[in-house]
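Below: the structure, in structure tokens.
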Amino acid sequence: MAMEDAAADLAAEFGGPGPEDLANGAAALAAGLLAQAHSLAGTAAALETSDTGHQGAIEAAAARAALAQAMAQAVSGAVGPARAELIRAAAQSLDVSLGGAVTQLRAAALALPTDDAAARIAAAQIAGEIAAALG
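In our numbering, each residue carries its 1-based index in the sequence shown increased by 9.
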């Protein structure tokens, strides 16, 4: 029994991101999503000033920007399954597909504004958990 406890302790120590890494990963993922929101909002604004013939593209970029902001809030303000439910609700209210939301989330996880490897791993884990919950 003592050997099993030692093995469990060792796995917990080396088995993945710790609580601080998960917090840093969530913060980095939220920052990546906010950067994405900023970029998409800029795209919507540029399209709006250039021509009125792009109304569909403007609306899509604006909805994606709002979704990225909502996802950033969910990642930084909630934990576990609540993150996915907040994102699901935001995607539905903005009329963005869940597949589109998952794509945005995974893109943000790949473009993190940090060189902290443990935070990157944790962010990828968080994104993967949310994506799995969204189906």
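Ideal Cβ placement from N, Cα and C applies to all residues, glycine included.
Whether residue i touches residue j by CB criterion (8 Å)
i: residue 33; j: residue 140; result: no
i: residue 42; j: residue 80; result: yes
i: residue 90; j: residue 50; result: no
i: residue 53; j: residue 71; result: yes
i: residue 115; j: residue 136; result: yes
Top-ranked residue by Cα proximity to residue i, from the options
i: residue 118; options: 27, 37, 125, 100; result: 37
i: residue 29; options: 110, 125, 75, 105; result: 125
i: residue 110; options: 122, 74, 87; result: 74
Counted within 10 angstroms of its Cβ, other Cβ atoms place residue i as buried (16 or more) or exposed
i: residue 78; result: buried
i: residue 45; result: buried
i: residue 26; result: buried
i: residue 144; result: exposed
i: residue 98; result: exposed
i: residue 105; result: buried
i: residue 19; result: Low confidence applies to residue 19: its pLDDT is 47, below 50, so where it sits in the model is not reliable, and the reading given next is rough at best. By the neighbour-count rule (16 or more Cβ atoms within 10 Å), residue 19 is not buried but exposed.
i: residue 35; result: buried
Exercise. Would you call the segment 88-107 and the segment 120-129 in contact, with 3 or more CB pairs under 8 Å?
Worked result: no
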